[in-house]
Each structure stands twice: as C-alpha cells, then as structure tokens.
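Engineer: Residue numbers (the working numbering): 1150 to 1258. Note that CB positions come from ideal geometry on N, CA and C, so glycine has one too.
#1: Quick check on residue 1235 - is its C-beta less than 7 Å from some C-beta in chain C?
#2: Among 1251, 1204, 1189, whose alpha-carbon lies nearest the alpha-carbon of residue 1197?
#3: Can you tell me the Cα-Cα spacing of residue 1219 and residue 1204, whole angstroms?
#4: Among the residues of its own chain, which have a CB less than 8 Å from the CB of residue 1207, if the five just before and after it don't count?
#5: Three Cβ pairs or more, each shorter than 8 Å: is that satisfied between the region 1214–1229 and the region 1238–1256?
#6: Is the beta carbon of residue 1242 less than 7 Å from the beta carbon of residue 1235?
#7: Where does residue 1199 sit, in a helix, a strand or coil, going by DSSP?
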C-alpha cells in the first residue's frame, strides 16, 4: 500500500506449484492450473500501483453439509420423536432413544 509502481514492482517468480489441495467441502483447482498475471491499477494523482494477481477455481460440494449436519439433526429429531411412542414400561429403550442422539450431536460439535 502507498508504494507506487515506480518504487516497487511485483512479479511472479515462476509457475505456482502445490501439493494436492484438499478440503472436505470444496474442490480446489491444483496449483499448476492457476492463472497468474501482473497488472497496474491507477490510483490518486495519476500514479499507478502494481499488482500480482492469481486466479483459481473453487467448486463447492453441496452434499457435504447435507451429509454431515442436516441428516444428523434430522435423525436426532426422528429418534426423539420415536421415543414418545415407545411403551412407557420399556425404560432402557426410552433412555437409549433419549441419550444416543444427544451423544451423536455432541460428538459433531
């Protein structure tokens, strides 16, 4: 910031290399496929700033949130609801239906 292009020049030293980029929720384009370039942007008083720019693609995996959060809480709700219909004298079954969803949910947090 506040250094104009005539004082500092940004350049890419070579191609971008990376290990395999991995994330549970996102597909990240690998380093060699990234596009990179230098540009200058006009700023105040007729000067310009140099910028090194890179562009890559992120693709969201929508099933990740569904599988890891929505389905767990839907199962929690279903087990809690089913616990209301279990025979009142079947105490171990009712306790299991009350405790197991809480433990599963607490493990995710």
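Structural biologist: Short version:
#1: Included in the structure is just one protein chain, with no chain C present.
#2: By one-based count along the chain shown, residue 1197 stands at place 48. Per the Cα distances, 1189.
#3: Counted from its first residue, the chain shown places residue 1219 at position 70. Counted from its first residue, the chain shown places residue 1204 at position 55. Using only the alpha carbons, I get a separation of about 32 Å.
#4: Within the chain shown, residue 1207 is the residue found at index 58, counting from 1. Within the same chain, residue 1207 has close Cβ partners 1175, 1176, 1177, 1178.
#5: yes
#6: Numbered from 1 along the chain shown, position 93 holds the residue referred to as residue 1242. Numbered from 1 along the chain shown, position 86 holds the residue referred to as residue 1235. Their beta carbons are under 7 Å apart, which means residue 1242 touches residue 1235 by this criterion.
#7: Numbered from 1 along the chain shown, position 50 holds the residue referred to as residue 1199. Strand, per DSSP.
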